[in-house]
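By this note's numbering, the letter at position 235 of the sequence shown is numbered 510, and the numbering carries on one by one without gaps.
Working notes, structure below.
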Amino acid sequence: AGPLGDTVRCSVVDVFDVKGGALVCSPSGAQGERWPLLVFGHGDGQLASAYEDMMTNIASYGFVVAAYRSCVWAFTGSPSECDMGRTTFLEALRIIDFFSRFPGVYPQAAPVDMASQVTVAGHSGGGRVALTIAAVRDSPTFAAGTPWADMLDADGGALRRAAARVGAVAGLHADDMSLPESDIDLEGFQTAITKTPVFLDTSADDIGVPAGATWWNFLQVHSGSKIYLNTPALQGGHMEPVETGAEGPWVAIFAQAFALGNQTAKHLLYGDCSTCLRHALPRAYPGRRNDGSGVASLVLCDDAEGAWPPEFAQLCSGKATT
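Shown next as structure tokens:
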């Protein structure tokens, strides 16, 4: 847990137009103290409460973490909920919009600082949500001509303004965005993300999504800052974020670095210290399932910091296809 671990409390709050409201975990600091917002998306078929341990961990680094409790049964073949997951990303944007309009509505349960940029993170289907929102944020033509664009444009473009507040996204074992059922604009997605910093991780024992899916997602990201991580078999395979949540602190650090501009956090991501990402979190041996291009288990890309390992610099361009 982070420095505020002993102070984090979780509760459910009502959010306009989000069925079931949101599960919110936040530090309980001094009266009047506020924290930046991080919206978390659950996987399809999972309750938001399944991620409470990870949410608590992230919150302990100084965030109000809010997870929509809707869109649980939202995968292909299920009874239709949230258009089989296609509209789930709107739930995350509704939470951002709600707290943008009413930042002081829950001063104890959700003391949000909406002057700071927002982070969106999620697991599996929630990772799809995070990547979709990055695409909406960076490309005004993404999903143009679709019903989802009409939803974004409703109410004077309120949800587009919510997307514009996002400063970073993280997809944990995210859905395969190359599949039409996962991506509301498959062709547009491949060029849409050009600015938003993106953190993507998976594991060598994740068989819940097609092999190489996270790597394909990574190569479609064209922003200057992005990270790809393939960990060894930790516990749980595709469900590792629920079982162990080992990447939770790094989601928080990524949010600190890019949504909040914290240079110490950025050094932990890209530096070579003993507590920096390249040394602190185990990664799969080369050649394991889900390694990028068959060899890359960790790729760090940043316009200012450069690429690591340097021999993978070309992979940061997004032009590689294997």
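Just so you know, even glycine gets a beta-carbon here, dropped at the ideal spot from N, CA and C.
Taken through DSSP and simplified to helix, strand or coil, S301 comes out as strand.
Of all alpha-carbon atoms in K541, A443 and E462, the one lying nearest the alpha-carbon of F315 is that of A443. Relative to the Cα of T519, the nearest Cα in the group W310, F291, A325 and W583 belongs to A325.
Counting only unbroken stretches of 3 or more residues, the beta strand (DSSP E) elements lying wholly within the segment 280 to 366 are 283 to 288, 297 to 302, 312 to 316 and 339 to 343, in sequence order.
DSSP links H398 through a beta bridge to L447. Non-local beta-carbon contacts of P557 in its own chain, meaning distances under 7 Å to residues more than five positions away in sequence, involve T506 and P507 in chain order.
Contact check for P311 against L447 fails: the beta carbons are separated by 8 Å or more. The DSSP assignment places 441 to 447 as complete runs of the beta strand (DSSP E) inside the segment 428 to 476, in order along the chain (cut-off: 3 residues).
Residue nearest to G431 within the set F291, D372, T362 and K541 is D372 (criterion: CA-CA distance). Each of G402, A527 and P561 was checked against the Cα of A479, and the nearest Cα belongs to P561. If you look at Y545, you'll find it in the alpha helix (DSSP H) that goes Q538 to Y545. DSSP places I502 inside the beta strand (DSSP E), whose first and last residues are K501 to T506. The DSSP-derived three-state label of S375 is helix. Three or more Cβ pairs closer than 8 Å define a contact, and the segment 375 to 385 meets that threshold against the segment 282 to 301. Shown here for E327: same chain residues with a beta carbon closer than 8 Å to its own, the five before and five after excluded, namely C285, L298 and C300 in chain order.
Note on geometry: alpha-carbon atoms of V340 and M330 lie some 6 Å from one another. Going by DSSP, G581 is part of the beta strand (DSSP E) stretching over G581 to W583. Excluding sequence positions up to five before and after I333, its CB lies within less than 7 Å of the CB of L313, V340, G523, V526 and A527, all in the same chain and listed in chain order. DSSP places V517 within a helical segment (H, G or I) once states are collapsed to three. Residue range L552 to A555 is occupied by the alpha helix (DSSP H) that includes L552. Boundaries of the alpha helix (DSSP H) harbouring V526: G523 to F533, taken from the DSSP string.
L494: not part of any beta strand (DSSP E); member of the alpha helix (DSSP H) spanning A488 to L494, first to last residue.
Of the residues assessed, S399 falls on the buried side of the cut-off, its CB having 16 or more other CB atoms within 10 angstroms.
In this structure, Q392 sits near V441, with a CB-CB distance shorter than 8 Å. Shortest Cα-Cα distance from R436 to any of G401, D388 and F374 involves F374. Within 10 angstroms of the beta-carbon of A532 lie 16 or more other beta-carbons, which makes it buried. Beta-bridge annotation (DSSP): D577 is paired with G581.
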